[in-house]
Amino acid sequence: MPKKASAQKKSVGKAIVRSVVSAAKTAKKSAKTVLLTGRTLPQPVEIEPRPLDSPVLRALRKERRRLVEELKHQEMLAQERPTTGNHMADDATEVEEQAKSLALRRHLEGMLKEIDRAIVRADKGTYGICDRCKNPIPEERLKVVPSATLCIDCAKLQTRPAAKVMA
Ligand SMILES: [Zn+2]
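See the structure below:
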């Protein structure tokens, strides 16, 4: 009798294991289906059309890609360039070239940072709004300076000495 009971227990245990395994398999399968088809997932809710998809912002992202590529290219060139020339006469030119290349890379990095800042502003919904007077920055200005954070009037004020701004 005790033998039979233990055998029964074992088989119950096996049945539980089987059902757990099959449940896990089913779950895995449905997860896979979700991943593959994406149909059972609810569609992302469109909250409000942000000005994120404005042509200006598309240009901003395009400009960012261009800058990244340009920077990569410049870094590659810098690495290929020998650090020490074999001929003394070439050294001056070499140093000058290196300085130019470095300046160009710094410039590109600076531009990239500004673009990134503009993209962050776009995500926050403050892109194209003047930091100082909170008025929209005209599209024409953004076309010329996509990373502009000030309208032309405020930008002019900022470049002037503080005393004049106060006046
Ligand atoms: Zn302004």
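For our numbering, add 21 to where a residue sits in the sequence shown, where the first one is 1. Glycine is no exception: its CB is placed at the ideal position from the N, C-alpha and C atoms. Small disclaimer: the values here were computed from a predicted structure and weren't measured.
*In angstroms with no decimal places, state the Cα-to-Cα distance between Asp112 and Lys164.*
Start at 1 with the first residue of the sequence shown, and residue 112 comes out as number 91. Start at 1 with the first residue of the sequence shown, and residue 164 comes out as number 143. So the two alpha carbons sit approximately 42 Å from each other.
*Within this structure, are the beta carbons of Leu171 and Asp152 separated by less than 8 Å?*
On the sequence shown, position 150 is the one that residue 171 refers to. On the sequence shown, position 131 is the one that residue 152 refers to. Result yes, Cβ atoms of Leu171 and Asp152 sit closer than 8 Å.
*Give me the Cα-Cα distance between Arg87 and Cys154, rounded to the nearest whole angstrom.*
Within the sequence shown, the letter at position 66 stands for residue 87. Within the sequence shown, the letter at position 133 stands for residue 154. Distance between the alpha carbons of Arg87 and Cys154 is about 31 Å.
*Proximal residues to Lys177 (C-beta, below 6 Å), its chain only, five neighbours per side dropped*: Residue 177 sits at position 156 when you count from the first residue of the sequence shown. Cβ within range, chain order: n/a, list empty.
*Near Gln95, what residues of its chain come up, given a Cβ to Cβ distance below 7 Å and the 5 sequence neighbours on each side ignored?*
Along the sequence shown, read from residue 1 onward, the residue named residue 95 stands at position 74. Contacts found: Ser122, Leu125, Arg126, Leu129.
*With hydrogens ignored, establish whether the beta-carbon of Arg126 is closer than 7 Å to any heavy atom of ligand 1.*
Taking the sequence shown and counting its residues from 1, one reaches residue 126 at position 105. Flag unset: Cβ of Arg126 not near ligand 1.
*Measuring alpha carbon to alpha carbon, tell me which of Val141, Ala36, Leu81 ends up nearest Glu160.*
Sequence index remark: in the sequence shown, residue 160 carries index 139 (1-based). That would be Leu81, whose Cα lies nearest to the Cα of Glu160.
*Can you tell me where the alpha helix (DSSP H) with Cys172 in it begins and where it stops?*
Start at 1 with the first residue of the sequence shown, and residue 172 comes out as number 151. That residue, Cys172, is in no alpha helix (DSSP H); it is neither H nor E in DSSP.
_Under DSSP, the alpha helix (DSSP H) around Val162 begins and ends at which residues?_
In the sequence shown, residue 162 corresponds to position 141, counting from 1. Residue identity check: residue 162 is Arg in the sequence provided, not Val. Arg162 -> alpha helix (DSSP H) spans 160-165.
*asked:* Buried or exposed for Ser168, going by 16 or more other Cβ atoms inside 10 Å?
replied: Taking the first residue of the sequence shown as 1, we reach residue 168 at position 147. Answer is buried; the Cβ neighbour count reaches 16.
*Which partner residues does Ile150 have in the DSSP bridge list?*
For this step, residue 150 is matched to residue 129 along the sequence shown. In DSSP, Ile150 forms a bridge with Pro157.
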